[in-house]
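Colleague: If you read the protein sequences in the order shown, they are chains R and B.
Sequential numbering of the first sequence, starting at 43, is according to this note's numbering.
Sequential numbering of the second sequence, starting at 43, is according to this note's numbering.
Heads up, the beta-carbon is just placed ideally off N, CA and C, and yes, glycines get one too.
One structure, pasted below without further comment.
There are 2 protein chains.
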Amino acid sequence: MHRLARFNALALGLSLALSAHAADKATTIPAKAVTAAEQLRDRAVNDQTAYEVVESLTTEVGPRVAGSANDQRARDWAVAKFKSLGFDKVYTETVTYPLWERRSEHGAIVAPFPQPLAVTALGYSAGTPSGGLTAEVVAFNDLDGLKNADPSTIKGKIVYVSTHMTQQKDGHDYGMGSATRTRGPVIAAEKGAAAFLLRSAGTDAHSRTPHTGVTGFRDAKQAIPAAALSLPDADQLERIVAMGKPVTLKLDLDVGFNGTYTGANVIGEITGAKHPEQVVAIGGHLDSWDLGTGAIDDGAGVAIAMGAAKLIKDMPQRPDRTIRVIAFANEEMGLWGGRAYAEQHAKDVGKHQLGTESDFGAGKIWRMTASVKPEARGAIDQIAKVIAPLGVAYDATKPGGGGSDLSQMHGKGMAALSLTQDGTDYFDYHHNANDTLDKINRGDLAQNVAVYAVFSYMAAMANGDFGSAPGAFSNDGAHD
Amino acid sequence: MHRLARFNALALGLSLALSAHAADKATTIPAKAVTAAEQLRDRAVNDQTAYEVVESLTTEVGPRVAGSANDQRARDWAVAKFKSLGFDKVYTETVTYPLWERRSEHGAIVAPFPQPLAVTALGYSAGTPSGGLTAEVVAFNDLDGLKNADPSTIKGKIVYVSTHMTQQKDGHDYGMGSATRTRGPVIAAEKGAAAFLLRSAGTDAHSRTPHTGVTGFRDAKQAIPAAALSLPDADQLERIVAMGKPVTLKLDLDVGFNGTYTGANVIGEITGAKHPEQVVAIGGHLDSWDLGTGAIDDGAGVAIAMGAAKLIKDMPQRPDRTIRVIAFANEEMGLWGGRAYAEQHAKDVGKHQLGTESDFGAGKIWRMTASVKPEARGAIDQIAKVIAPLGVAYDATKPGGGGSDLSQMHGKGMAALSLTQDGTDYFDYHHNANDTLDKINRGDLAQNVAVYAVFSYMAAMANGDFGSAPGAFSNDGAHD
């Protein structure tokens with residue numbers, strides 16, 4: 043017997059044994075806790091705490107790109123806000139990452155029709171030489187076009203990729219949009235391009251607000267200048283390219299890597315009464331891109347989690363387990379906060395009762411999915427019943443991923459939900475200057491708070507666990 | 043008898059005498075021309091010429107602020123376009139005006155919550171000192187607040203005025219919006235302000251695109267730095283001001299007057315077969331602000347007029363009178379092209395059969411009003427009947443003003459229409475970066491072309507005139 047096969051057989055036997063054992067011990071939520079959760083839900087939909095939190099963060103801190111002066115101000119804000127909301131415990135955990143800075147950025151068509159372009163550099167882009175970089179454009183309809191291109195047609199040119207996204211409730215076009223943004227620059231660099239430019243990974247067809255976002259570059263040696271055009275500017279460039287004459291662009295990007303920076307995840311807890319060491323983990327990411335004020339990405343997520351925990355704190359008694367709200371550092375440039383948390387808490391996976399992060403805007407939650415052990419499906423059904431009146435459908439056929447940063451903890455075995463928001467207009471504002479407070483609807487935000495408060499409280503009050511353990515759920519595909 | 047009263051009595055007698063005389067000679071449009079106009083209308087609604095014209099102008103020239111390198115390119119484009127469309131006569135008439143330049147612009151909140159602001163300098167603004175101007179804000183809800191303020195509360199501060207506009211079909215809120223933008227800076231300067239800032243005169247509440255536009259400054263001595271915030275940025279500033287602590291802003295505007303510039307109105311004509319010296323005058327303005335590509339303001343106007351004249355040119359025979367299309371220079375900074383035209387053609391007022399300019403976007407025309415002699419009302423009724431199927435109502439109770447630049451010629455006595463467009467979303471894009479081709483609907487643009495083609499042709503074919511004469515219509519209030 044091959045060694046690996048024997049290990050698998052052993053693992054299977056262990057799994058079957060665990061299942062048989064656990065079937066006797068189905069996780070359930072006591073009736074009294076269900077009733078309390080229903081009351082919590084009904085209070086939440088009228089509570090303004092989360093809106094006040096995101097208003098405060100976006101107004102008093104504003105943009106807070108990782109490593110900037112406002113990164114420190116955002117952490118100070120989060121510590122103070124947790125305390126003023128009455129959290130029992132507030133602390134930080136350091137997160138170290140490469141510092142990347144945007145100082146200025148300009149783009150223009152040089153020939154045949156000189157005019158400025160609305161352009162923004164992508165995260166981890168290299169800067170252009172001082173005075174700018176001027177080169178001919180070679181255009182591709184999509185990432186496959188670039189992948190299949192002969193390097194000789196690309197060398198020394200500005201690669202342009204025009205992947206088009208359209209609005210969807212689940213935002214699935216972002217799959218190809220983000221792939222173009224992350225992988226496109228790397229492929230272009232490998233083929234000798236002078237620079238990379240894409241049609242923004244966004245859906246705001248009529249707005250001159252280019253969408254930034256991180257590339258796949260990981261250090262300065264690998265990086266070339268990489269930027270995004272607003273959609274109307276992309277249309278303009280595509281019209282001109284379609285005329286068939288050579289098109290020359292100039293990019294002048296003063297951006298780049300600048301050493302390393304140590305920030306922090308900021309954590310606030312409502313301490314559990316019976317099992318304080320066991321935690322329900324919720325949160326959002328504290329950093330934002332620098333172009334907007336990070337209202338939907340992800341002030342909303344931080345506010346939803348803070349608001350939900352605050353409502354639980356206001357109940358007559360503390361829940362059995364701890365509610366942990368994590369405001370993650372530097373999600374935007376590669377889940378740095380989420381990865382640091384997962385490393386620092388790898389040994390505590392089993393103490394994470396259940397978790398999920400909000401990071402898809404402030405639209406209403408319409409679907410819940412879960413990655414939990416089979417014996418906890420009944421408890422998930424109980425949660426589903428309490429949030430059903432909020433318009434949330436439970437789809438038992440799909441896994442739950444835990445959201446952006448907490449996907450890393452789910453990858454290590456934390457039981458996780460996905461609470462899917464309506465993202466129809468999310469990619470209108472995502473990563474661009476228009477991500478501001480006015481995009482958040484108070485009622486929609488409160489619906490999110492209600493869902494988070496209900497599931498967090500019910501999970502914290504459950505008799506039994508949801509299956510978190512090192513290596514659990516490693517094949518459910520929901521934590522990439 | 044008082045001298046003035048005697049003059050009025052004389053004028054009244056003269057007017058009555060003229061009316062009695064003219065009643066014998068009512069202006070009418072021959073039935074054959076009416077039929078031809080109906081056919082022209084039906085061709086126009088399916089014609090793509092105007093769309094192709096505005097696509098060409100906004101793509102191949104793009105932004106074309108008066109006095110810029112693209113101003114010359116726009117004039118070259120217009121001459122070439124008139125010729126390629128087959129106009130009989132193409133020429134230019136010089137227009138000289140102060141040159142104002144925008145080189146760079148930045149704004150930020152310095153205290154209490156440091157963050158950048160989306161800001162744009164206003165036309166004829168002064169620049170700030172190199173390195174920027176930092177001062178405390180004094181905020182007013184509207185222009186009256188500023189007017190009534192004690193200068194001691196303003197001296198050395200940045201005046202902020204938060205006039206709010208909302209969307210309307212006729213865009214009437216722009217009255218107070220543009221008054222705030224033009225008069226506000228002058229009043230602030232007179233009261234000793236360091237700078238002037240306004241909530242943009244726009245209606246795009248969710249867009250970080252500040253709206254530029256001219257101030258009332260007329261020279262560098264009078265000017266102080268003056269700029270506009272986008273509406274979300276205005277909301278942000280207003281939220282912070284409402285907290286009651288001092289708010290400090292920094293403005294860094296590298297802009298200003300830079301001598302004089304001589305551009306030109308560009309004119310194309312379809313020469314009349316019987317009375318070539320008599321002209322129907324239509325047009326738009328060729329210049330745009332520099333932030334967008336000037337699609338709705340006013341590439342659309344130029345395109346509508348060119349497209350309408352082209353359709354008339356394509357008829358089997360030239361009309362009796364000349365169709366003159368004027369692409370005006372520098373409307374944006376104070377009707378410079380329109381005023382130059384009116385001065386240069388002051389002696390020819392009587393040769394202007396009827397005129398109007400399109401300068402309110404590309405929305406459908408929904409109303410026609412006219413300033414014509416009473417004896418020409420029947421001809422206007424005839425025009426109204428032909429355009430009624432296009433959804434245009436004729437309101438005989440209101441005067442016609444001739445549009446922006448041609449208001450100057452109307453002020454000198456030219457009979458004029460107003461063809462009012464649906465401007466519901468016009469002030470979402472007016473004077474900001476979002477004024478791009480994608481805002482133009484082909485069908486709506488073609489409806490405009492149909493109306494312009496019909497009225498121009500019918501006026502050109504009329505038996506008789508519409509009352510143009512030096513000093514006519516001087517009291518109708520429609521040409522300010």
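To the nearest whole angstrom, what separates the beta carbons of residue 366(R) and residue 308(R), a pair I think is in contact under 8 Å?
Modeller: Rounded, the Cβ-Cβ distance is 12 Å, inconsistent with contact.
Colleague: Please return the same chain residues whose Cβ sits closer than 7 Å to the Cβ of residue 65(R), not counting the five positions on each side in sequence.
Modeller: Residue placement at residue 65(R) cannot be trusted, given a pLDDT of 49 that sits under 50; what the coordinates show is reported in the next sentence. Correct list, in chain order: 417.
Colleague: Take the Cβ of residue 90(R) as the centre, count every other Cβ of all protein chains shown within 10 Å, and call the residue buried at 16 or more, exposed below.
Modeller: It is exposed - the Cβ of residue 90(R) has fewer than 16 other Cβ atoms within 10 Å.
Colleague: Mark residue 53(B) as exposed unless 16 or more other C-beta atoms lie within 10 angstroms of its C-beta, in which case mark it buried.
Modeller: Because residue 53(B) carries a pLDDT of 39, less than 50, the predicted location of this residue cannot be relied on, and the following value inherits that uncertainty. Result: exposed.
Colleague: Measure how close the beta-carbons of residue 325(B) and residue 370(B) come, nearest whole angstrom, since I'm counting them as under 8 Å.
Modeller: Right, their Cβ atoms sit about 6 Å apart.
Colleague: Does any CB atom of chain R fall closer than 8 Å to the CB of residue 483(B)?
Modeller: By this cut-off, residue 483(B) is not an interface position.
Colleague: Can you check the stretch 74 to 153 of chain B for any beta strand (DSSP E) of at least 3 residues that lies completely inside it and give the ranges in chain order?
Modeller: As far as the stretch 74 to 153 of chain B is concerned, its whole beta strand (DSSP E) runs of at least 3 residues are 131 to 153.
Colleague: Can you list, in chain order, the residues of its chain with a C-beta nearer than 7 Å to that of residue 362(B)? Leave out the 5 residues immediately preceding and following it.
Modeller: Excluding residues within five positions, the ones whose Cβ falls inside 7 Å are 314, 315, 316, 317, 502 and 503.
Colleague: Taking just the CA atoms, how far does residue 306(B) sit from residue 261(B)?
Modeller: Spanning the two alpha carbons is a distance of roughly 21 Å.
Colleague: Would you identify the three-state DSSP class for residue 278(R), choosing helix, strand or coil?
Modeller: Three-state DSSP puts residue 278(R) in a helix.
Colleague: Quick check on residue 383(B): does DSSP put it in helix, strand or coil?
Modeller: The answer is helix: DSSP assigns residue 383(B) an H, G or I state.
Colleague: Give every residue of the same chain whose Cβ lies closer than 8 Å to the Cβ of residue 155(R), excluding the five residues on either side of it in the sequence, and list them in chain order.
Modeller: So the qualifying residues of the chain are 282.
Colleague: By how many angstroms is the C-alpha of residue 478(B) removed from the C-alpha of residue 513(B)?
Modeller: About 39 Å.
Colleague: Going by the CB atoms, is the gap between residue 495(B) and residue 86(B) shorter than 8 Å?
Modeller: Taking 8 Å as the Cβ cut-off, residue 86(B) and residue 495(B) qualify as a contacting pair.
Colleague: Note the first and the last residue of the continuous alpha helix (DSSP H) segment covering residue 333(R).
Modeller: Unbroken run through residue 333(R): none, as it is neither H nor E.
Colleague: What number of angstroms, rounded off, separates the C-alpha of residue 425(R) from the C-alpha of residue 217(R)?
Modeller: Near 30 Å, if we compare the C-alpha coordinates of residue 217(R) and residue 425(R).
Colleague: Given a limit of 8 Å on CB to CB distance, which residues of the stretch 73 to 94 of chain B reach chain R?
Modeller: Hits within the stretch: zero.
Colleague: Which same chain residues, not among the five before or five after residue 518(R), have their C-beta less than 6 Å away from its C-beta?
Modeller: Once the five neighbours on either side are set aside, the close Cβ partners of residue 518(R) are 413 and 441.
Colleague: Is residue 460(R) buried or exposed, if buried means 16 or more other CB atoms sit within 10 Å of its CB?
Modeller: Residue 460(R) comes out buried.
Colleague: Is it buried or exposed for residue 411(B), if we count other Cβ within 10 angstroms and need 16 for buried?
Modeller: That one is buried.
Colleague: Consult DSSP for residue 359(R) and reduce its assignment to one of helix, strand or coil.
Modeller: Residue 359(R) falls in the coil class under three-state DSSP.
Colleague: Measuring CA to CA, which of 179(B), 272(B) and 270(B) is closest to residue 235(B)?
Modeller: Looking at the Cα atoms, 179(B) is the closest of the given residues.
Colleague: What span of residues does the alpha helix (DSSP H) with residue 398(R) cover, start to end?
Modeller: First-last for residue 398(R): 394 to 399, but that is the beta strand (DSSP E), not the alpha helix (DSSP H).
Colleague: Does the structure place the stretch 484 to 498 of chain R close enough to the stretch 235 to 247 of chain R that three or more beta carbon pairs sit under 8 Å?
Modeller: Segments in contact, no.
Colleague: Is the CB of residue 178(B) under 8 Å away from at least one CB in chain R?
Modeller: With 8 Å as the cut-off, residue 178(B) does not count as an interface residue toward chain R.
Colleague: Which chain R residues sit within Cβ distance under 7 Å of residue 527(B)?
Modeller: Past the boundaries of the shown model lies residue 527(B); chain B is included only from 43 to 522, so the question cannot be answered.
Colleague: Could you say if the stretch 141 to 148 of chain R and the stretch 91 to 103 of chain B meet the contact criterion of at least three C-beta pairs nearer than 8 Å?
Modeller: The stretch 141 to 148 of chain R vs the stretch 91 to 103 of chain B: no contact.
Colleague: Taking 8 Å as the CB-CB limit, is residue 101(R) close to chain B?
Modeller: Yes, residue 101(R) counts as interfacial toward chain B.
Colleague: So, are the CB atoms of residue 567(B) and residue 472(R) less than 8 Å apart?
Modeller: The shown model of chain B, from 43 to 522, leaves out residue 567(B), and the question about it has no answer.
Colleague: My understanding is that residue 116(B) touches residue 106(B), with C-beta atoms under 8 Å, so please give their C-beta distance in whole angstroms.
Modeller: So it is a contact: roughly 4 Å between Cβ atoms.
Colleague: Note down, in chain order, each residue of its chain lying with its Cβ closer than 8 Å to the Cβ of residue 516(B), except the 5 sequence neighbours on either side.
Modeller: 453 and 455, listed in sequence order.
Colleague: Since residue 405(R) and residue 466(R) should fall inside the 8 Å C-beta cutoff, what is the C-beta to C-beta distance between them, to a whole number of angstroms?
Modeller: Going by Cβ atoms, the distance from residue 405(R) to residue 466(R) rounds to 7 Å, so yes, they are a contact pair.
Colleague: On the three-state DSSP scale, how would you describe residue 402(B)?
Modeller: Residue state, collapsed to three classes: coil.
Colleague: Does residue 277(R) get closer than 8 Å to chain B when you measure Cβ to Cβ?
Modeller: True, the Cβ-Cβ gap to chain B drops below 8 Å.
Colleague: Hey, would you say residue 401(B) sits closer than 8 Å to residue 373(B), going by beta carbons?
Modeller: A contact, by the Cβ cut-off of 8 Å.
Colleague: Just to confirm before moving on: does the CB-CB distance between residue 355(R) and residue 124(R) stay below 8 Å?
Modeller: The answer is no: Cβ separation not under 8 Å.
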